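Reading through the structure tokens given below for one structure.
2 protein chains.
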Amino acid sequence: MTTQTATRWLSDTEQQTWRRWLALNAQLPALLHRELQRDSELSLPDFDVLVQLTDDDRGRVRIAQLAEALQWERSRLSHHVTRMARRGLVEKEDCLDDGRGSFVVLTSAGRAAIERAAPAHVRTVRRAFFDALSDEDVVLLGEMTEKVLAQLRS
Amino acid sequence: MTTQTATRWLSDTEQQTWRRWLALNAQLPALLHRELQRDSELSLPDFDVLVQLTDDDRGRVRIAQLAEALQWERSRLSHHVTRMARRGLVEKEDCLDDGRGSFVVLTSAGRAAIERAAPAHVRTVRRAFFDALSDEDVVLLGEMTEKVLAQLRS
DNA sequence: CCAACTTACGTGACATGTCAACTATTCCCG
DNA sequence: CGGGAATAGTTGACATGTCACGTAAGTTGG
């Protein structure tokens, strides 16, 4: 009889997949970040924030909602928005309905910055990621990531 | 005639897969880090360094080789090793063959720390990742990530 | 041999991210 | 109403990561 505390390690296949996953997870964002910085005045987190703001008609989103959409901690977002505001990419605005709340608002400079940066960024994503995968791969990968995300939510 | 500068944006399917990929890429390491910190005195980067060191028979690896294996920048590794050395997890040792070089050496405290941390960590990886995927998924995912990694290398 | 180049690593300044604590409001319920 | 609990957001200290540069040791061509 073996004890129940014996650890079930990863099989060779699992280990290989896991190592590749980790490697890709490190290298892909690094590449995206480097190229984005080279081609624009934005960092990857800057870009992510601006994407969320341009998704809104008025370019105007509550901090908490933005944090939820980005899956960032509040304090991280607060720090980051402060820095972006200093560079003129966004502005903060008080919320009239709720005295505690604030909006983050896209400035014209912020809109101009993401519009300049986006085309090259999409090209990088294609070149580094989608060009290596078949259409079927993309669908399968979407399904797998969703299964794992669902698991994480529970 | 359209201009060649027209940007080819992502299709709906691509966009969905991409967003899920990004979400998973953010959430999974965050979970692994939280649980590792809760269950041990190690951070995820600490763990990664220690894994590399335990892979070597003598637990003794040149800085440059370690940086290559981890795909980290030298300076990042240098800073991190300094911090880990301060906590007694590793030691630095001069290289006799090459006066410029140094080794990072696993201490017994470092070995003990990773041996304590590994079982719970593997369980977390299983629970959060592999349990959501079929054996076939794991193989396919391994193939896909390898294709993308190969693309990045070129 | 030696001057120029390369390589190995470290350092300091700064950007980014986390955690715990804080302030100010709003909510809820007696 | 009034007072405690929850919520929105900020802040400061600190850990982590990046970038540009520095230093020392090895390498190499004339």
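Chains as they are written, first to last, in UniProt numbering: chain U, 1 to 154; chain P, 1 to 154. Note that beta-carbon positions come from the ideal geometry of N, C-alpha and C, so glycine has one too. Since the structure is predicted, the reported quantities are computational estimates derived from the model, not experimental observations.
Below 8 Å CB to CB, which residues in the same chain sit around residue 109/U once its five sequence neighbours on both sides are set aside?
In the first sequence, residue 109/U corresponds to position 109, counting from 1. Closer than 8 Å at Cβ, skipping near neighbours: 88 and 89.
From 46/P, 34/P, 117/P and 56/P, pick the residue whose C-alpha is nearest to that of residue 86/P; which is it?
Within the second sequence, numbered from 1, the residue matching residue 86/P stands at position 86. Residue 46/P is the option with its Cα nearest to residue 86/P.
What residues in its chain sit with their C-beta under 7 Å from that of residue 153/P, if we drop five residues either side in the sequence?
Stepping through the second sequence from its first residue, residue 153/P is reached at position 153. Result list for residue 153/P: empty, nothing under 7 Å.
Please confirm whether residue 48/U and residue 70/U have their CB atoms less than 8 Å apart.
Locating residue 48/U in the first sequence gives position 48, where the first residue counts as 1. Locating residue 70/U in the first sequence gives position 70, where the first residue counts as 1. Cβ distance < 8 Å, so residue 48/U and residue 70/U count as in contact.
Please classify residue 6/U as buried or exposed, where buried requires at least 16 other C-beta atoms within 10 Å of its C-beta.
Along the first sequence, read from residue 1 onward, the residue named residue 6/U stands at position 6. Label assigned to residue 6/U: exposed.
Considering only C-alpha positions, which residue in the set 124/P, 147/P and 138/P is nearest to residue 39/P?
Stepping through the second sequence from its first residue, residue 39/P is reached at position 39. Checked all of 124/P, 147/P and 138/P; the closest Cα to residue 39/P is 124/P.
Find the nearest neighbour of residue 31/U within the set 44/U, 21/U and 64/U, judged by alpha-carbon distance.
Looking up residue 31/U in the first sequence gives position 31. Closest in alpha carbon position to residue 31/U, among 44/U, 21/U and 64/U, is 44/U.
Identify whether residue 78/P lies in helix, strand or coil by the three-state DSSP scheme.
To locate residue 78/P, count along the second sequence from 1; it is residue 78. Helix.
Verify whether the separation of the beta carbon atoms of residue 128/U and residue 42/U is less than 8 Å.
Indexing the first sequence from 1 puts residue 128/U at position 128. Indexing the first sequence from 1 puts residue 42/U at position 42. No, Cβ-Cβ distance for residue 128/U and residue 42/U is not below 8 Å.
Of the residues 121/U, 141/U and 147/U, the one placed nearest residue 148/P, counting alpha carbons only
As a first step, residue 148/P is located in the second sequence; it is residue number 148 there, counting from the start. The residue with the shortest Cα to Cα distance from residue 148/P is 141/U.
Is it buried or exposed, residue 74/P, if we count other Cβ atoms within 10 angstroms and call 16 or more buried?
Taking the first residue of the second sequence as 1, we reach residue 74/P at position 74. So residue 74/P counts as exposed.
Just list the alpha helix (DSSP H) runs in the UniProt domain "HTH marR-type" (1 to 150) of chain U, keeping only unbroken ones of 4 residues or longer that don't cross its boundaries, in chain order.
12 to 39, 44 to 55, 63 to 70, 74 to 86 and 108 to 128
Find out if the Cβ-Cβ distance for the pair residue 97/U, residue 151/P is shorter than 8 Å.
The residue given as residue 97/U occupies position 97 in the first sequence. The residue given as residue 151/P occupies position 151 in the second sequence. Their beta carbons are not under 8 Å apart, which means residue 97/U does not touch residue 151/P by this criterion.
Roughly how many whole angstroms lie between the Cα atoms of residue 78/U and residue 92/U?
As a first step, residue 78/U must be located in the first sequence, where it is residue number 78. As a first step, residue 92/U must be located in the first sequence, where it is residue number 92. Taking the straight line joining both Cα atoms gives about 10 Å.
Report yes or no: is there a C-beta of chain U within less than 8 Å of the C-beta of residue 152/P?
Here the question's residue 152/P lines up with position 152 in the second sequence. True, the Cβ-Cβ gap to chain U drops below 8 Å.
Short-range partners of chain P found in the stretch 67 to 91 of chain U, where Cβ spacing is below 8 Å:
71
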